[in-house]
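Numbering (the UniProt record's numbering), first residue to last: 1 to 417.
Each residue gets a CB set at the ideal place from its N, CA and C atoms; glycine is no exception.
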Amino acid sequence: MQNASLPTSFSFQHSAVCENGGHSSSEHNMCFKFSQATASFFFPINYSHRVEHWHARFLDGYVFECLSFGVCLEQIIRKWKQEECFDGKDNYVDCVPLIRSLSRQKMPHVAQELLLEMKSNGLLPSNSTLSALMLCHANNGLFPQAEAIWDEMLHSSFVPSIQVVSELFDAYGNVGCFEKVNEILAQIRSRNLSLFPEVYSLAISCFGKGGQLELMEGTLKEMISRGFPLDSATGNAFIRYYSIFGSLTEMETAYGRLKRSRFLIEEEGIRAMSFAYLKKRKFYRLAELLKNVGLGRRNLGNLSWNLLLLSYAADFKMKGLQREFLRMVEAGFHPDLTTFNIRALAFSRMSLLWDLHLSLEHMKHEKVVPDLVTCGCVVDAYLERRLGKNFSDICIALYCAWASLLQAEMKLDIGDG
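If you want it as structure tokens, here you go:
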């Protein structure tokens with residue numbers, strides 16, 4: 001009796017390929033399948049997977065079980081040939097999902113054996129299969145094997161996809177082989193492959209993640225010299241990487257370059273620059289940045305205003321904090337929990353209990369429920385002044401707010417159910 005939980009077929013699809021590496025004009029598909037019987041033969045264990053999600057689980061689970069049961073790769077390939085007749089002069093096989101599964105299971109040697117076994121049985125790997133095998137080697141630290149496949153593909157007419165190049169850059173970047181990334185970039189440039197300017201952006205991102213700021217700058221200069229302008233994503237990436245690995249001056253230079261290109265700094269860039277200023281305790285420069293970015297950008301929500309309030313609160317400039325808060329409300333922005341917590345933290349540290357009380361009342365009016373940060377600010381303020389009686393009243397108010405929040409969440413859960 002056949003196992004109904006197994007997939008009805010496992011297909012390897014590919015297209016006929018010309019001798020020059022391109023697709024033939026009379027492109028047709030050939031398909032090698034694992035049928036129900038084949039799957040039951042190789043994978044006798046009963047698996048209860050939903051049919052629509054079987055693909056990745058089949059590859060990661062069944063392939064491992066197949067090898068565990070001692071089913072050799074030659075048997076699998078022989079079964080393909082028994083079930084399907086091959087049309088055409090060359091038999092190109094696409095087994096990318098299988099190789100990716102072997103890569104995830106840290107079994108690159110099995111993937112290499114699969115390739116050799118295919119060739120010995122008269123089957124040729126497709127270009128996408130070679131790409132997957134190259135990434136399998138690279139992601140498992142077998143870089144000489146990956147380089148050999150890369151060179152083989154470059155000397156053919158095959159053009160790797162931008163996704164393949166991206167994953168290859170990531171593999172080299174993760175182990176610090178940035179000179180190899182530069183070498184690949186030069187190889188692509190020398191062959192005039194149609195991967196620009198995306199490949200420059202990928203290289204810049206790879207160098208930036210690794211803190212290689214000089215390589216990042218050099219790649220940008222080369223990109224611009226070849227006529228590819230700076231785009232918004234690349235400009236914002238420079239800001240993020242300089243905020244992490246560079247100096248404040250370098251970060252500000254990157255921001256100025258983005259402004260000259262008439263692109264807006266995005267949310268991630270604002271957060272990165274703000275964190276860099278706060279880490280160096282440059283509160284005034286942070287406030288100037290936020291005003292320069294624009295406090296009225298609705299797509300950022302309260303982010304710019306909250307960071308501006310934080311720049312005053314961290315420097316304990318209470319008058320400036322109150323002034324900017326009023327400007328925020330007048331500009332039509334509604335304070336959120338983060339806004340109130342920034343104010344509560346400042347009032348607590350400065351022992352401004354009346355202002356803290358008014359802030360809590362404002363929260364209640366805006367229907368903003370306090371969280372643990374708010375409670376901590378209240379506890380610190382009242383215990384430091386040893387105002388036990390007033391503190392108990394505040395605790396009761398906070399408890400009521402928490403009860404209201406829990407009640408509202410329970411109603412939402414019941415409604416969703």
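(request) Would you check if the stretch 207–216 and the stretch 232–249 touch, i.e. whether three or more CB-CB distances between them fall below 8 Å? (result) yes
(request) Would you mind stating whether Phe283 and Asp231 have Cβ atoms separated by less than 8 Å? (result) Counting from one through the sequence shown, the residue named residue 283 turns up at place 283. Counting from one through the sequence shown, the residue named residue 231 turns up at place 231. If you check the CB distance, Phe283 and Asp231 do not come in under 8 Å.
(request) Can you grab the Cα-Cα spacing for the pair His365 / Tyr382, in whole Å? (result) For the purposes of this step, residue 365 is identified with residue 365 of the sequence shown, where counting begins at 1. For the purposes of this step, residue 382 is identified with residue 382 of the sequence shown, where counting begins at 1. If you take the alpha carbons of His365 and Tyr382, they lie about 22 Å apart.
(message) Measuring straight from C-alpha to C-alpha, what distance separates Ser201 and Glu268?
(response) Locating residue 201 in the sequence shown gives position 201, counting from the first residue. Locating residue 268 in the sequence shown gives position 268, counting from the first residue. Here the alpha carbons of Glu268 and Ser201 stand approximately 17 Å from one another.
(request) Could you tell me which residues DSSP puts in a beta bridge with Val124? (result) For the purposes of this step, residue 124 is taken as the residue at position 124 of the sequence shown. Looking at the sequence provided, one finds Leu at residue 124 rather than Val. According to DSSP, which records beta bridges pairwise, Leu124 is partnered with Tyr92.
(request) From the DSSP output, in three-state form, read off Glu268 for me. (result) Here residue 268 refers to the residue found at position 268 of the sequence shown. Three-state DSSP puts Glu268 in a helix.
(request) Can you tell me which of the three DSSP states Asp315 falls into? (result) Walking along the sequence shown from the start, residue 315 turns up at place 315. In the structure shown, Asp315 sits in coil (DSSP, three-state: anything other than H, G, I, E or B).
(message) What does the alpha-carbon distance come out to for the pair Lys89 and Ser157?
(response) Here residue 89 corresponds to residue number 89 of the sequence shown, with the count starting at 1. Here residue 157 corresponds to residue number 157 of the sequence shown, with the count starting at 1. Confidence at Lys89 is low in this model, with a pLDDT of 44, below 50, so the placement of that residue is unreliable and no value is reported for it.
(request) Determine the closest residue to Tyr172 out of Leu295, Leu185 and Ser161, with distance taken between C-alpha atoms. (result) Translated into the one-based positions of the sequence shown, residue 172 becomes position 172. The residue with the shortest Cα to Cα distance from Tyr172 is Leu185.
(request) Label Glu179 either buried or exposed according to how many other C-beta atoms from any shown protein chain fall within 10 Å of its C-beta, with 16 as the threshold for buried. (result) One-based indexing of the sequence shown puts residue 179 at position 179. Answer is exposed; the Cβ neighbour count stays below 16.
(message) On the CB-based measure, 16 or more other CB atoms within 10 Å of its CB, does Asp94 come out buried or exposed?
(response) Indexing the sequence shown from 1 puts residue 94 at position 94. Result: buried.
(message) Taking contact to mean 3 or more Cβ pairs, one atom from each stretch, closer than 8 Å, check whether the stretch 343–350 and the stretch 371–382 are in contact.
(response) yes
(message) Using CA atoms only, rank isn't needed, just tell me which of Phe333, Ser194, Gly176 and Arg281 is closest to Leu300.
(response) Walking along the sequence shown from the start, residue 300 turns up at place 300. Closest by alpha carbon: Phe333.
(message) Could you check whether Thr339 and Asn292 sit closer than 8 Å to each other, using their CB atoms as the reference points?
(response) The residue labelled residue 292 in the question sits at position 292 within the sequence shown. The residue labelled residue 339 in the question sits at position 339 within the sequence shown. No.
(request) Find out if the Cβ-Cβ distance for the pair Leu115, Leu133 is shorter than 8 Å. (result) By one-based count along the sequence shown, residue 115 stands at place 115. By one-based count along the sequence shown, residue 133 stands at place 133. It is a contact, given that the beta carbons lie within the stated cut-off.
(message) Let's test the definition: count the other Cβ atoms within 10 Å of the Cβ of Val199 and tell me whether it reaches 16, buried, or not, exposed.
(response) For this step, residue 199 is matched to residue 199 along the sequence shown. With 16 or more Cβ atoms within 10 Å of its Cβ, Val199 is classed as buried.
(request) Can you say whether Trp305 is buried or exposed, counting buried as having 16 or more other CB atoms within 10 angstroms of its CB? (result) Position 305 of the sequence shown, counting from 1, holds the residue named residue 305. Looking at its Cβ environment, which holds 16 or more other Cβ atoms inside 10 Å, Trp305 is buried.
(request) Please state whether DSSP places Ser157 in a helix, a strand or coil. (result) Taking the first residue of the sequence shown as position 1, residue 157 is located at position 157. Three-state DSSP puts Ser157 in coil, outside helix and strand.
(message) Counting C-beta neighbours from all protein chains within 10 Å, is the total for Glu288 16 or more, i.e. buried, or is it exposed?
(response) Here residue 288 refers to the residue found at position 288 of the sequence shown. So Glu288 counts as exposed.
(request) Please classify Pro144: is it buried, with 16 or more other beta-carbons within 10 angstroms of its beta-carbon, or exposed? (result) Walking along the sequence shown from the start, residue 144 turns up at place 144. Under this definition Pro144 is an exposed residue.
(message) Please report the distance separating the alpha-carbon of Pro229 from that of Ser190.
(response) If you number the sequence shown from 1, residue 229 lands on position 229. If you number the sequence shown from 1, residue 190 lands on position 190. Spanning the two alpha carbons is a distance of roughly 20 Å.
(request) Give the C-beta separation of Val164 and Ser131 to the nearest angstrom, bearing in mind that I take them to be a contact with Cβ-Cβ under 8 Å. (result) Along the sequence shown, one-based indexing puts residue 164 at 164. Along the sequence shown, one-based indexing puts residue 131 at 131. Val164 to Ser131, Cβ: 5 Å. Contact.
(request) Rounded to whole angstroms, what's the CA-CA distance from Tyr255 to Ile270? Just pull it up for me. (result) Counting from 1 along the sequence shown, the entry for residue 255 is found at position 255. Counting from 1 along the sequence shown, the entry for residue 270 is found at position 270. If you take the alpha carbons of Tyr255 and Ile270, they lie about 10 Å apart.
(request) Would you decide whether Arg327 is buried or exposed? Buried here means 16 or more other CB atoms lie within 10 Å of its CB. (result) To locate residue 327, count along the sequence shown from 1; it is residue 327. The residue is exposed, with fewer than 16 neighbouring Cβ atoms inside 10 Å.
(message) The alpha helix (DSSP H) that contains Met350, what's its start and end?
(response) The residue you call residue 350 lines up with position 350 of the sequence shown. Looking at the DSSP string, Met350 is not in any alpha helix (DSSP H), and its letter there is neither H nor E.
(request) Find out if the Cβ-Cβ distance for the pair Ile239, Met273 is shorter than 8 Å. (result) In the sequence shown, residue 239 corresponds to position 239, counting from 1. In the sequence shown, residue 273 corresponds to position 273, counting from 1. The answer is yes: Cβ separation under 8 Å.
(message) Helix, strand or coil, according to DSSP, for Cys206 in the structure here?
(response) Counting from 1 along the sequence shown, the entry for residue 206 is found at position 206. Cys206 falls in the helix class under three-state DSSP.
(message) Taking the alpha helix (DSSP H) that Phe169 belongs to, which residues open and close that run?
(response) If you number the sequence shown from 1, residue 169 lands on position 169. Looking at the DSSP string, the run of the alpha helix (DSSP H) that includes Phe169 is Ile162 to Asn174.
(request) Measure the alpha-carbon distance for Phe69 versus Pro108 and round it to whole angstroms. (result) Taking the first residue of the sequence shown as position 1, residue 69 is located at position 69. Taking the first residue of the sequence shown as position 1, residue 108 is located at position 108. A caution first: Phe69 carries a pLDDT of 41, below 50, which makes its placement in the model unreliable, though a value can still be read off. Answer to the nearest angstrom: the Cα atoms are 19 Å apart.
(message) Which same chain residues end up closer than 7 Å to Ala237 when comparing Cβ atoms and leaving out the 5 residues on each side of it in sequence?
(response) Here residue 237 is taken as the residue at index 237 of the sequence shown, counted from 1. Ile204, Ser205 and Gly208.
(request) Provide the residue span of the alpha helix (DSSP H) that contains Gly235, from first to last. (result) Translated into the one-based positions of the sequence shown, residue 235 becomes position 235. That run of the alpha helix (DSSP H) goes Ser232 to Phe245.
(request) Since I believe Ala331 is in contact with Leu321 (beta carbons under 8 Å), could you give me their beta-carbon distance rounded to a whole number of angstroms? (result) Counting from 1 along the sequence shown, the entry for residue 321 is found at position 321. Counting from 1 along the sequence shown, the entry for residue 331 is found at position 331. Not really, about 16 Å apart at Cβ, beyond 8 Å.
(request) Check whether the Cβ atoms of residue 438 and Val159 sit closer than 8 Å, and answer yes or no. (result) This structure does not reach residue 438, given that the chain is present from 1 up to 417, and the question cannot be answered.
(message) Suppose you measure from the CA of Tyr277 to the CA of Arg285; what does that come to, to the nearest Å?
(response) As a first step, residue 277 is located in the sequence shown; it is residue number 277 there, counting from the start. As a first step, residue 285 is located in the sequence shown; it is residue number 285 there, counting from the start. For Tyr277 and Arg285, the distance between alpha carbons rounds to 7 Å.
(message) For Lys280 and Asn174, what's the separation of their Cα atoms in angstroms?
(response) Here residue 280 refers to the residue found at position 280 of the sequence shown. Here residue 174 refers to the residue found at position 174 of the sequence shown. Going by C-alpha positions, Lys280 is about 28 Å away from Asn174.
(message) At the level of alpha carbons, what is the spacing between Phe155 and Leu307?
(response) If you number the sequence shown from 1, residue 155 lands on position 155. If you number the sequence shown from 1, residue 307 lands on position 307. Note that residue 155 corresponds to His in the displayed sequence, not to Phe. Cα-Cα distance, rounded: 53 Å.
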